[in-house]
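Quick note, the sequence shown lines up with residues 3 to 165 if you use this note's numbering.
Where a beta carbon is used, it is the ideal one built from N, C-alpha and C, also for glycine.
Here the structure is a predicted model, which is why all the values come from computation and not from measurement.
Notes for the one structure printed next.
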Amino acid sequence: MIYDVQHSNMMNATNQNTAIISQQYQDNQSALTAKNPQKNKGIPYLDVRKFTQKLHSMSSATSTKKCARSIRIALQSAGAKILNHPVAAADWGRTLQTIGYKKIKASFDQPREGDIYIINRTQKHVYGHIAAYTGRQWVSDFRQNSHAVYKSDQVSYTYYRLA
3 MIYDVQHSNM MNATNQNTAI ISQQYQDNQS ALTAKNPQKN KGIPYLDVRK FTQKLHSMSS
63 ATSTKKCARS IRIALQSAGA KILNHPVAAA DWGRTLQTIG YKKIKASFDQ PREGDIYIIN
123 RTQKHVYGHI AAYTGRQWVS DFRQNSHAVY KSDQVSYTYY RLA
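Below you can see the structure in the form of structure tokens.
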């Protein structure tokens, strides 16, 4: 029998630890739901901090031309359930929306941790580009100096933020 830890000294150590772990689990679950209210709306949970940390840890100083792969792996490590995904970065918009991101007006002057942008296809870059803001800088498969990684004025951006 398990008694309330705060009101009984009649538990043995095993039961006390079990009760404490159970209470900690409940507290953690409540905190996660409070931090991420979309969890209650059927949208998969995504830990933005884990996402940005994983992305940063995987990135290199220069491009490996695998930006979509880096974003996907980092999102999955943070809890995103991505089963079918596009290869081209330019095609990732619908996938982002499926995991809880919303398309918004570009906010390069005030990005938030976890924001993602997509550069749509150009004649020179047929796969486009995708990157996320870590809280300090834009990162894809490499640590970028800014969001403007293509040297053309003919690029168009689509910007996403976790809802």
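Once you ignore the five residues that flank residue i on each side, which residues in its own chain have a CB closer than 7 Å to its CB?
i      : result
Glu115 : Val50, Thr54, Tyr135, Thr136 and Gly137
Pro113 : Tyr135
Ala92  : Ile120, Asn122, Arg123, Tyr129 and Gly130
Ser98  : What sits at residue 98 in the sequence shown is Leu, not Ser. Around Leu98: Ile118 and Tyr162.
His87  : Arg74 and Thr97
Would you mind working out which of the options sits nearest residue i, comparing C-alpha positions?
i      : options                           : result
Tyr119 : Ile106, Val128, Lys126 and His127 : Ile106
Ala75  : Ala63, Arg96 and Lys52            : Before going on, a small fix: residue 75 reads as Ile here, not Ala. The candidate whose alpha carbon is nearest that of Ile75 is Lys52.
Gln78  : Asp93, Ala63 and Tyr47            : Tyr47
Lys56  : Thr64, Ser65 and Ser72            : Ser72
Tyr159 : Gly95, Ala80 and Asp143           : Gly95
Ser109 : Pro88, Ala150 and Asn86           : Ala150
In chain order, what residues of the same chain have a beta carbon less than 8 Å from the beta carbon of residue i, not counting five sequence neighbours either side?
i      : result
Thr124 : Gly130, Tyr152, Ser154, Gln156 and Val157
Tyr103 : Ile118, Tyr162, Arg163, Leu164 and Ala165
His58  : Thr136, Val141 and Arg145
Val89  : Ala70 and Tyr129
Lys68  : Asp143
Ala133 : Cys69, Ile73, Ile118, Tyr119, Trp140, Val141, Ser142, Gln146, His149 and Val151
Opposite residue i in the DSSP bridges: which residues?
i      : result
Ala133 : Tyr119
Arg163 : Lys104
Arg145 : Val141
Who are the Cβ neighbours of residue i in its own chain at under 6 Å, not counting the five residues just before and after it?
i      : result
Asn147 : none
Lys64  : First, the residue type needs correcting, since residue 64 is Thr and not Lys in the sequence shown. Phe144.
Thr66  : Asp143
Ala80  : Leu48, Asp49, Lys52 and Phe53
Met60  : Ser72
> In chain order, which continuous runs of the alpha helix (DSSP H) of length 4 or greater are located wholly inside the stretch 53 to 131?
Replying inline: 69 to 79 and 95 to 100
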